[in-house]
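Protein sequence lines correspond, in order, to chains A and B. Heads up: the first sequence at position 81 corresponds to 81 in this note's numbering, and the numbers run straight through without jumps. Heads up: the second sequence at position 252 corresponds to 1252 in this note's numbering, and the numbers run straight through without jumps. Using N, Cα and C, we set each Cβ at its ideal position, and we do this for glycine too. These numbers come from a predicted model, not from an experiment.
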Amino acid sequence: MPTVSMTVNGQPASAEIEGRTLLVQFLREHLKLTGTHEGCDTSQCGCCTVHVNGKGVKSCTVLAAACAGATVMTIEGLAPGDLLHPMQEAFREHHGLQCGFCTPGMIMSAVDMVNRLGNELDARTVREQLEGNLCRCTGYHNIVKAIQAGAAAMKGR
Amino acid sequence: MYDFAYSRPASLDDAAAALSAHGDFKLLAGGMSLIPTLKLRLARYAGLVDLSGIAGLNGIRRDGDAMVIGAMTPHAVVAASAEVASTLPALASLAGGIGDPLVRNRGTIGGSIAYADPAADYPAGVLGLGATVLTSRRRIAADDFFTGLFETALRADEIITAVSFPVPRAAAYAKLPQQASRFALVGVFVAQTAGGVRVAVTGAGLAVFRWRQAEAALERRFESAALDGMALEADGLNSDIHGSAEYRAHCAGVMARRAVQAATG
């Protein structure tokens, strides 16, 4: 089996994988980074969202081998040290979750949204941009509030 | 998903050679359609040849009167491009409506048209604008490119390098998204080009096609009223739980009128 090497959350990571190994499997099963969740496995729910070279992607639909040499960030790599990232803190503050299964993907997607569209996001934009992330608990209301607050708190970072 | 040999060649020649040497190898672009297809075991290949390591396939450039988009350019880049927004806003808007933001970060124009999903958005833009598909071997006119259900004029070892879009006088795309998948239940791309009015319909048939009756009406008068009361012929259109052929035929008229309004508004 070929070996794939990439940088994950700032650390070098490599493993022997099959060609068909998905990025989400590489992260969860080889690196034991289980913060990235696999929900639908059909690129609909967005629970598996991570950043590859700074862009949000659904890791259930990306081959690990295709990420050779890439820089990957998962939910585990978002917070600097012991402090929560502002987007994580906003989800806590606004209770933007219930069961929490979709939350890692929501937060990684939210940070991607801020990276693309900036810190001032109106509720309509957030809802439109969340098209690729499903939550079966909350009805999204507090998630939208959390993302707006988290986006504002990320300003200047 | 069955296992396969993965390779990421650094040149078009090497990629084409891999395809020539192995009849059961397939190209991988963004993978947003191909990987789900493999996971469902709707297709099986002995090898995937990833195009992401080949320089020069990614990017947007102006070439005279045409906008040339590299085959590996992601939808998000086309949607956010200031140059596309100013000269071909209909295409930027189309790209910004594909899938969701995370899919748009990964999916590519070359992959979309090579896959030729009957409900994909890009084929409507390519056919509606009368674009030219540039490949490792030749230039293929959009009218000759889409040949059937998931079928194109591409040969087995031929690789799309870019799509060249002539800049139209006016153009717009309107789609009725299927409520769950957001693929086009019906999508209509209307363009007023140097060669005449073109109307391309996706989602309604086995492959994207031109709607000649609408083109003729808009040629006489490029305003939405020219299409009042007009609907596609329902015979032979797609019919499923999401919409009957008659519904799609009707919605094609509605989408065409909306597209003309957007193009002229």
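Report buried or exposed for residue i, applying the criterion of at least 16 other Cβ atoms within 10 angstroms of its Cβ.
{"i": "A:Gly19", "result": "buried"}
{"i": "A:Lys58", "result": "buried"}
{"i": "A:Gly132", "result": "buried"}
{"i": "A:His95", "result": "exposed"}
{"i": "B:Thr1202", "result": "buried"}
{"i": "B:Tyr1002", "result": "exposed"}
{"i": "B:Glu1233", "result": "exposed"}
{"i": "B:Glu1158", "result": "buried"}
{"i": "B:Ser1020", "result": "exposed"}
{"i": "B:Ala1141", "result": "exposed"}
{"i": "A:Met87", "result": "buried"}
{"i": "A:His141", "result": "exposed"}
{"i": "B:Asn1105", "result": "buried"}
In the DSSP assignment, find the beta strand (DSSP E) that holds residue i and state where it starts and stops.
{"i": "A:Met73", "result": "71-73"}
{"i": "B:Met1032", "result": "B:Met1032 -> no beta strand (DSSP E), and no H or E assigned at all."}
{"i": "A:Cys19", "result": "Strictly speaking, residue 19 of chain A in this sequence is Gly, with Cys absent from that position. From DSSP, A:Gly19 is part of no beta strand (DSSP E); its letter is neither H nor E."}
{"i": "B:Leu1027", "result": "1025-1028"}
{"i": "B:Ser1052", "result": "Segment: none, B:Ser1052 is in no beta strand (DSSP E) and carries neither H nor E."}
{"i": "B:Asp1063", "result": "1060-1063"}
{"i": "A:Ser5", "result": "3-8"}
Quick one: residues in its chain with C-beta nearer than 6 Å to the C-beta of residue i, no 5 flanking neighbours on either side, listed in chain order?
{"i": "B:Val1049", "result": "Ser1007, Ala1015, Ala1018, Phe1025, Leu1027"}
{"i": "A:Ser14", "result": "Thr3, Ser5"}
{"i": "A:Gly77", "result": "Asn9"}
{"i": "B:Arg1169", "result": "Gln1192"}
{"i": "A:Thr71", "result": "Thr7, Asn53"}
{"i": "A:Cys102", "result": "Cys47, Cys135"}
{"i": "A:Ile147", "result": "Ala110, Val126"}
{"i": "B:Gly1125", "result": "Leu1091, Leu1094, Phe1189"}
{"i": "B:Asp1013", "result": "none"}
{"i": "B:Lys1175", "result": "Ala1184, Gly1187"}
{"i": "B:Pro1009", "result": "Ala1015"}
{"i": "B:Ser1239", "result": "Ala1245"}
{"i": "A:Gly139", "result": "none"}
Going along the chain, which residues of its own chain have a beta-carbon closer than 7 Å to the beta-carbon of residue i, five neighbours each way excluded?
{"i": "B:His1242", "result": "Gln1178, Leu1185"}
{"i": "B:His1022", "result": "Ala1046, Gly1047"}
{"i": "B:Ala1116", "result": "Pro1123, Phe1146, Phe1150, Glu1151, Thr1152, Ala1207"}
{"i": "B:Asp1065", "result": "Pro1166, Val1167"}
{"i": "B:Arg1258", "result": "Ala1174"}
{"i": "B:Gln1261", "result": "Ser1224"}
{"i": "A:Gly56", "result": "Thr49, Met108, Ser109, Asp112"}
Which stretch, first to last residue, makes up the alpha helix (DSSP H) that contains residue i?
{"i": "A:Pro104", "result": "103-117"}
{"i": "B:Gly1253", "result": "1245-1264"}
{"i": "A:Thr125", "result": "123-129"}
{"i": "B:Ser1007", "result": "Where B:Ser1007 is concerned, there is no enclosing alpha helix (DSSP H), although the beta strand (DSSP E) it sits in stretches over 1005-1007."}
{"i": "B:Ser1224", "result": "Premise fails: B:Ser1224 is in no alpha helix (DSSP H) and is neither H nor E."}
{"i": "A:Gly150", "result": "141-153"}
{"i": "B:Leu1012", "result": "1012-1021"}
Starting from the C-beta of residue i, find all residues in its chain whose C-beta is less than 8 Å away, skip the five residues before and the five after it, and write them out in chain order.
{"i": "A:Ala68", "result": "Val4, Ser5, Met6"}
{"i": "B:Ile1060", "result": "Met1067, Val1068, Ile1069, Gly1070, Thr1073, Val1077, Val1078, Ser1081, Glu1083, Val1084"}
{"i": "B:Gly1236", "result": "Gly1205, Ala1245"}
{"i": "B:Glu1219", "result": "Gly1196, Val1197"}
{"i": "A:Leu31", "result": "Val8, Ala13, Ala15"}
{"i": "B:Ser1011", "result": "Ile1054"}
{"i": "B:Arg1137", "result": "Arg1155, Glu1158"}
If the cut-off is 9 Å on Cβ atoms, which residues from the region 40-62 of chain A count as contacting chain B, listed in chain order? Asp41, Thr42, Ser43, Gln44, Gly46, Thr49, Val52, Lys55, Gly56, Val57, Lys58, Cys60, Thr61, Val62
Alpha helix (DSSP H) runs wholly inside the region 1109-1173 of chain B, at least 4 long, in chain order: 1109-1115, 1122-1128, 1142-1145
If you scan the region 1065-1115 of chain B from start to end, which runs of the alpha helix (DSSP H) of 4 or more residues do you find wholly inside it? 1075-1080, 1082-1087, 1089-1095, 1101-1104, 1109-1115
Going residue by residue through the region 33-86 of chain A, where are the continuous beta strand (DSSP E) segments of at least 3 residues, counting only ones entirely within it? 49-52, 55-58, 71-73
List, from N- to C-terminal side, the beta strand (DSSP E) runs of 3 residues or more that fit wholly inside the region 1178-1214 of chain B. 1184-1193, 1196-1202
What residues from the region 1092-1108 of chain B come within 8 Å of chain A, judged by C-beta to C-beta, listed N to C? Gly1099, Asp1100, Pro1101, Leu1102, Val1103, Asn1105, Arg1106
Residues from the region 104-115 of chain A in contact with chain B, defined by Cβ distance under 8 Å: Ser109, Asp112, Met113
What residues in the region 1008-1036 of chain B bring their beta carbon closer than 8 Å to a beta carbon of chain A? Arg1008, Leu1028, Gly1031, Met1032, Ile1035, Pro1036
In chain order, what residues of the region 1162-1186 of chain B put their CB closer than 8 Å to some CB of chain A? Arg1182
Give the residues from the region 65-90 of chain A that approach chain B closer than 8 Å (Cβ to any Cβ), ordered along the chain. Ala65, Ala66, Ala68
Along the region 132-149 of chain A, where does the CB come closer than 7 Å to a CB of chain B? Name the residues. Gly132
Please identify, using Cβ separations under 9 Å, the residues of the region 1055-1087 of chain B that lie next to chain C, in order along the chain. Of the protein chains in this structure, namely A and B, none is chain C.
Which residues, in chain order, does the region 17-36 of chain A contribute to contact with chain B at a C-beta distance below 7 Å? Glu18, Gly19, Arg20
Which of the residues in the region 1114-1126 of chain B, read from start to end, lie with their CB under 7 Å from any CB of chain A? none
Identify each residue in the region 1126-1157 of chain B for which the Cβ-Cβ distance to at least one residue of chain A is less than 9 Å, and report them in chain order. none
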